[in-house]
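K.L.:
To start, I am sharing the structure in question, which I have written as structure tokens.
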Amino acid sequence: MEAHKTYTSKTVGEIVAEDYRKAKVFRSYGIDFCCGGGKLLEDIISNKKIDLEQILGELHQVDQSDSELDQTNFDELTLEDLSEYIVSKHHTYTKETMEQILPLINKVARVHGDWKAELVKINNHFISLHTELTTHMMKEENVLFPYIVQLSRGLVAESPFGSIEYPIKNMELEHDVAGDLILRIEELSDNYTLPEGACNSYTVVYKLLREFQDDLMQHIHLENNILFPKAALLEKQLKN
Numbered sequence: 025m026e027a028h029k030t031y032t033s034k035t036v037g038e039i040v041a042e043d044y045r046k047a048k049v050f051r052s053y054g055i056d057f058c059c060g061g062g063k064l065l066e067d068i069i070s071n072k073k074i075d076l077e078q079i080l081g082e083l084h085q086v087d088q089s090d091s092e093l094d095q096t097n098f099d100e101l102t103l104e105d106l107s108e109y110i111v112s113k114h115h116t117y118t119k120e121t122m123e124q125i126l127p128l129i130n131k132v133a134r135v136h137g138d139w140k141a142e143l144v145k146i147n148n149h150f151i152s153l154h155t156e157l158t159t160h161m162m163k164e165e166n167v168l169f170p171y172i173v174q175l176s177r178g179l180v181a182e183s184p185f186g187s188i189e190y191p192i193k194n195m196e197l198e199h200d201v202a203g204d205l206i207l208r209i210e211e212l213s214d215n216y217t218l219p220e221g222a223c224n225s226y227t228v229v230y231k232l233l234r235e236f237q238d239d240l241m242q243h244i245h246l247e248n249n250i251l252f253p254k255a256a257l258l259e260k261q262l263k264n
């Protein structure tokens, strides 16, 4: 029972922050650990009617396993190091991969959209996602993250937004929009299931979209569940 409380009394965001490998378990149950990371696991299990013993067993299996996945403890990084990691790994990947996907999904939708109508919708959603994330990352890199780096160095710099909680709230709302768009793409594609006889472009774009979604989930998780809460707390401590 005590082992159960180790998980059920925590939010899914906290669980994934401690060990990102557990994100895979949550994904398999359709549990949103990034934008919805503030919810307690026990509440999610109850609402979704998930078998408690089964999911806890899978989480414990992860604890016992040796995985080749990146096991960096992001919760232990300084805010400056975490900000730099997000920009160098996730922002760079997002920008580069979106430029790969855009022409491909447009081509696939144009060629196959007559008999696979969902491709046209997927293309439109990805165009919206590209626009959303491009402006979002620019605001983070030019305004929010530099302020967080200053906080990490023990400085409270002058800012146009007063408290950091204001831009954080806006960034979280934009994360919700991006998360909804990629989940809609996943749903329209039937979890990136290829039709029989799919061409090379069709195959490649679905592979890229799946990988893009996985990266975006970790990207949002690191900001919503680790970087932003710690930055808000540090600002309060430095101002007091």
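Just so we're on the same page, the numbering used here is the position in the sequence shown counted from 1, plus 24.
Glycine included, every Cβ here is placed at the ideal spot set by N, Cα and C.
Please go through the same chain and pick out, in chain order, the residues whose beta-carbon is closer than 6 Å to the beta-carbon of Ala133, but skip the five residues on each side of it.
P.N.:
So the list reads Leu143, Val144, Asn147, once near-sequence residues are dropped.
K.L.:
Does the distance from the CB of Met161 to the CB of His115 come in under 7 Å?
P.N.:
Yes; because the gap between Cβ atoms is below 7 Å, this pair is in contact.
K.L.:
I need the boundaries of the alpha helix (DSSP H) containing Pro253, first residue and last residue.
P.N.:
Counting along the chain, the alpha helix (DSSP H) containing Pro253 begins and ends at 252 to 263.
K.L.:
At what residues does the alpha helix (DSSP H) containing Leu153 begin and finish?
P.N.:
Here the alpha helix (DSSP H) through Leu153 covers 142 to 163.
K.L.:
Using a Cβ-Cβ cut-off of 7 Å (strictly less than) and excluding sequence neighbours within five positions of Ala256, which residues of its own chain qualify?
P.N.:
For Ala256, where only same-chain residues beyond five positions count, the Cβ hits under 7 Å are Ile188, Glu189, Ile192.
K.L.:
Going by DSSP in three states, Asn249 sits in which element: helix, strand or coil?
P.N.:
The answer is helix: DSSP assigns Asn249 an H, G or I state.
K.L.:
Comparing alpha-carbon positions, which option in Leu262, Leu251, Gln261, Leu258 lies nearest Asn97?
P.N.:
The shortest Cα separation from Asn97 among Leu262, Leu251, Gln261, Leu258 belongs to Leu251.
K.L.:
Compare the C-alpha of Leu207 against each of Lys131, Pro219, Met241, Leu197 and name the closest.
P.N.:
Answer by Cα proximity: Met241.
K.L.:
Unbroken beta strand (DSSP E) runs of length 3 or more, entirely within the region 44 to 106: which are they?
P.N.:
The region 44 to 106 contains no whole beta strand (DSSP E) run of 3 or more residues.
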